[in-house]
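Colleague: Before we start, here is the structure in question, set down as structure tokens.
Numbering (our numbering), first residue to last: 70 to 380.
Here's what the structure looks like:
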């Protein structure tokens, strides 16, 4: 059974715009309504600002879960209209909802009616054969009538039959210019681009065309690429923190979680990419992968891994 430290794997998106937000991966309405909500919603205050992404298509259930999110202190709720997996399709969740813009608009309208925090939508360019720019604009035209003003656009279409979720993150071609054009045609909307973005240089290029950039896999696999985002994007004057210093700052938090009976590997597996492409990085990852799951794993296990990184 997943404890809440394991829930940290749900964090997968970092938004670069006027308001930097950490987004959680999708949680279905059924999971929140029928399970222990703390399992999915608890977070550390230091993680703020943080947004919850919901998967669902029942307006009443989405409304209930949106209110839960606000009560738990989330800064934003996002409706997932982009996930292409078979499991969510069978429950009318994710990208298949692009074929039902009126339902999406109804869901968003009701979600907004019960909270004061922003409610946003994340979607694809299209699905299957519904993949023209005109159909994308039709989706936006209908959905924006809900009052939703923030559209996070994964700049690929989703192929619901024939590709796996992993393949849907890579195979359909990226069409960034479509997202740029959306911003030109809907200047009143906040348009945020997502998909295949790996560097802050790329972010700079996109920010010349749209309101924000969402970083997904790269922020997880190579988190240090975000180290100087505050300096480059937000004008912070403090220098970026060193990788080892970041680990040292994590240790009190990790220690407190271990004292509560959490498992070391549930936390440190999300640190494995911190030394990506650095000397000793492979040894650091190997030591934690081989030892952090053991019953006697402790802070010493992490420090032993850290000692494998040259000064």
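From the three backbone atoms N, C-alpha and C, an ideal C-beta is built for every residue, glycine too. On a predicted model such as this, the values are computed, not experimentally measured, just so you know.
Taking residue 372 as the reference, give the member of 316, 110, 308 with the closest Cα.
Modeller: 316
Colleague: Evaluate the contact criterion for the region 91 to 99 versus the region 113 to 125: three or more CB pairs, one atom per stretch, below 8 Å.
Modeller: yes
Colleague: For residue 191, report the span of its alpha helix (DSSP H) as first-last.
Modeller: Not the alpha helix (DSSP H): residue 191 falls in the beta strand (DSSP E), residues 188 to 192.
Colleague: According to the Cβ coordinates, are residue 309 and residue 300 closer than 8 Å?
Modeller: yes
Colleague: Distance check for residue 248 and residue 294, CA to CA, integer angstroms please.
Modeller: 24 Å
Colleague: Tell me, please, which residues DSSP counts as bridged to residue 124.
Modeller: Paired residues: 97.
Colleague: Please determine whether the Cβ atom of residue 234 lies at a distance below 7 Å from any heavy atom of the ligand SAH.
Modeller: The ligand SAH is not part of the structure shown, which contains no ligands of any sort.
Colleague: Out of 231, 359, 349, 265, which one is the CA nearest neighbour of residue 243?
Modeller: 265
Colleague: Thinking residue 98 and residue 134 are a contact (beta carbons under 8 Å), I'd like their distance in whole angstroms, please.
Modeller: Residue 134 and residue 98 do touch by the CB rule: their CB atoms are close to 5 Å apart, below 8 Å.
Colleague: Span of the alpha helix (DSSP H) holding residue 360?
Modeller: 350 to 360
Colleague: Go ahead and pull the three-state DSSP assignment for residue 78.
Modeller: Caution is warranted here: a pLDDT of 35 is assigned to residue 78, below 50, making its placement in the model unreliable, and the coordinate value is therefore given only provisionally. If DSSP states are grouped into helix, strand and coil, residue 78 belongs with the helices.
Colleague: In this structure, what does DSSP give as the bridge partners for residue 146?
Modeller: 121, 188
Colleague: Can you tell me whether residue 112 is helix, strand or coil according to DSSP?
Modeller: Coil, per DSSP.
Colleague: Consult DSSP for residue 227 and reduce its assignment to one of helix, strand or coil.
Modeller: Here residue 227 sits in strand by DSSP.
Colleague: Please go through the same chain and pick out, in chain order, the residues whose beta-carbon is closer than 7 Å to the beta-carbon of residue 237, but skip the five residues on each side of it.
Modeller: 153, 227, 228
Colleague: Quick check on residue 370: does DSSP put it in helix, strand or coil?
Modeller: helix
Colleague: Starting from residue 263, follow its DSSP beta bridges and name the residues at the other end.
Modeller: 223, 283
Colleague: Spatial neighbours of residue 174 within its chain, please: CB distance less than 7 Å, with the 5 preceding and 5 following residues excluded, ordered by chain position.
Modeller: 211, 212, 214, 215.
Colleague: To which residues of the same chain is residue 305 closer than 8 Å at the C-beta, ignoring the five residues directly before and after it?
Modeller: Same-chain partners within the cutoff: 299.
Colleague: Does DSSP classify residue 137 as helix, strand or coil?
Modeller: helix
Colleague: Between the C-alpha atoms of residue 272 and residue 282, what's the straight-line distance to the nearest angstrom?
Modeller: 6 Å
Colleague: Which term fits residue 253, buried or exposed, when burial requires 16 or more other beta carbons within 10 angstroms of its beta carbon?
Modeller: With fewer than 16 Cβ atoms within 10 Å of its Cβ, residue 253 is classed as exposed.
Colleague: Cα separation between residue 349 and residue 355?
Modeller: 10 Å
Colleague: So what's residue 84 in DSSP terms, helix, strand or just coil?
Modeller: strand
Colleague: Under 8 Å, do residue 181 and residue 188 count as touching if we go by C-beta distance?
Modeller: Yes, they are a contact pair.
Colleague: Less than 8 Å between the C-beta atoms of residue 137 and residue 172, yes or no?
Modeller: No, these two residues do not count as a Cβ contact at 8 Å.
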